[in-house]
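Positions 1 to 357 (UniProt numbering) are the ones given, in order, by the sequence shown.
Every residue, glycine too, gets a C-beta built ideally from N, C-alpha and C.
What follows is a set of notes on a single structure, which appears directly below.
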Amino acid sequence: MGTKRHFRVWRGDEAGGEIQDYDVEVNDGEVVLDIIHRIQATQAPDLACRWNCKAGKCGSCSMEINGMPRLGCMTRMSTFEETETVTITPLRTFPVIRDLVTDVTFNYQKARETPSFAPPAGVAPGQYRMKQIDVERSQEFRKCIECFLCQNTCHVVRDHEENKKAFSGPRYFIRAAELDMHPLDARDDRKDYAQDSQGMGYCNITKCCTEVCPEHIKITDNAIIPMKERVVDNRFDPLVWLGRKILRRDQLSDQPAHASAQATGYSTGQSMAPSTSTGVTGVAAGTPFSSARPPEAPPVRDDGRMDVAELALPHQGGPSPFGDQEFPLAPGHLVYNHPAPGKDEDEPEAEPEEKRH
Ligand code: SF4
Ligand code: SF4
Ligand code: FES
């Protein structure tokens, strides 16, 4: 047997609206979306609400419940005191279409603006390979159900409509981070794009987006903060700064990231962390470490100067002065003999055992 509880639901459209009161029966195990359906069934058949899965997976039923951005289908009524009034309002950051349904076009525009995955040059579709550890690193961000609760809660746009043009929001920062750590993504400007075009500088890491994410994605800790740190590394690292001074602009940016990484074994726009996938990025993609490779000096430009990036490259050493050795060494190769007990150090060394026989 259920109990009657008091609900307040915002009703209206883009022209305006108001909160309306409803007393509705609540049964054990129900969620807020059940109550909205009961209001539709018994008192307000024209109450508009968006939903699809009722399982926390489609991201449609986003709303504000007692001022907190939440999924209606994942908010249990047992969360509230029996006497508590539950107030349900539409997402505040986006324009209302009707009642609890908002126009989330902003998010789709930002999604379109975000550069998509750039396939690596010279690798045919079907030949892409990643290590499981690289898959797992970005898996957290791929759990996003696009509920836009994080977008709604971010103060940068929640109270500042004027910021929307320049700010993509936390949902798209995790997209940028995911692509930045993707070992096959050929673009090396994900961080700069996030900073310069997605407005990551507006974010002051309040972590509100992380708090409301129903998928428990650590948006701030695992995406935004590492990206911000790497933007700083990229721009203020003294070696990179020196590289920018010495290298010509076309040397820094003209080559696609993947090609340049393959050619030099070093990418100035490093990914969030070095990839562990073999043969894909950075050193793993380029310079082979084998004795078959002849020793070489760093290349020198026409003006006689060496690229500063060469300082960071893992060059092979020159040839061994003892000649090439095969390992393990052949038996009998070693000629060392222990000195005989009590022998004077000045006495001539005993002949190696192999020569005595
Ligand atoms: S951490 Fe940044 S993106 Fe997330 S809500 Fe705060 S300001 Fe917005
Ligand atoms: S990151 Fe979380 S809160 Fe933001 S849209 Fe994705 S699932 Fe929703
Ligand atoms: S109805 Fe799909 S997430 Fe709530």
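The alpha helix (DSSP H) that contains residue i, what's its start and end?
i       : result
Tyr-108 : 105-113
Leu-149 : 149-153
Ala-177 : 170-180
Gln-195 : 190-196
Cys-49  : Careful: Cys-49 lies outside any alpha helix (DSSP H) and carries neither H nor E.
Phe-141 : 132-142
Cys-208 : 208-212
For the beta strand (DSSP E) that residue i lies in, which residues bound it at each end?
i      : result
His-6  : 3-13
Arg-70 : 68-71
Arg-98 : 96-98
So, is residue i buried or exposed, given that buried needs 16 or more other C-beta atoms within 10 angstroms?
i           : result
Cys-49      : buried
Lys-143     : exposed
Ser-291     : Its pLDDT being 38, under 50, Ser-291 is placed unreliably by the model, and the measurement read from it follows with that caveat. By the 10 Å Cβ count, Ser-291 comes out exposed.
Leu-100     : buried
Glu-18      : exposed
Thr-206     : exposed
Gln-132     : exposed
Pro-69      : buried
Glu-64      : buried
Arg-293     : Interpretation of Arg-293 is limited by its pLDDT of 40, a score under 50 that renders its predicted location unreliable; the figure taken from the coordinates is listed afterwards. That one is exposed.
Asn-107     : buried
Cys-213     : buried
His-216     : exposed
Asp-302     : exposed
His-182     : buried
Thr-42      : exposed
Cys-209     : buried
residue 359 : The structure shown has nothing for residue 359, since the chain only spans 1 to 357.
Ser-78      : exposed
Ala-55      : exposed
Since residue i sits in a beta bridge, which residues does DSSP pair it with?
i       : result
Gly-17  : Gly-12
Asp-23  : His-6
Thr-87  : Arg-8
Met-63  : Arg-70
Arg-76  : Val-31
Thr-102 : Val-96
Does the Cβ-Cβ distance between residue i and residue j come in under 7 angstroms?
i       : j       : result
Val-26  : Gly-2   : yes
Cys-150 : Pro-120 : no
Gly-199 : Phe-167 : yes
Cys-73  : Leu-33  : yes
Cys-154 : Ser-62  : no
Asn-66  : Thr-87  : yes
Thr-105 : Val-96  : no
Glu-178 : Phe-117 : no
Val-157 : Thr-93  : yes
Leu-91  : Asn-152 : yes
Val-232 : Gln-195 : no
Lys-228 : Tyr-172 : no
His-37  : Asp-23  : no
Arg-190 : Ala-176 : yes
Ile-219 : Ile-145 : no
Cys-203 : Ile-224 : yes
> Which residues count as close to ligand 1 when the rule is a CB under 5 angstroms from any of its heavy atoms, in chain order?
Replying inline: With the criterion CB distance below 5 angstroms from any heavy atom of ligand 1, the matching residues run Cys-154, Pro-170, Cys-203, Ile-205, Thr-206, Cys-208, Cys-209 and Thr-220 along the chain.
> Taking a cut-off of 7 angstroms, which residues have a beta-carbon closer than that to any heavy atom of ligand 3, in chain order?
Replying inline: For ligand 3, the selected residues are Leu-33, Trp-51, Asn-52, Cys-53, Lys-54, Ala-55, Gly-56, Lys-57, Cys-58, Gly-59, Ser-60, Cys-61, Leu-71, Gly-72, Cys-73, Met-74, Ile-145 and Cys-147.
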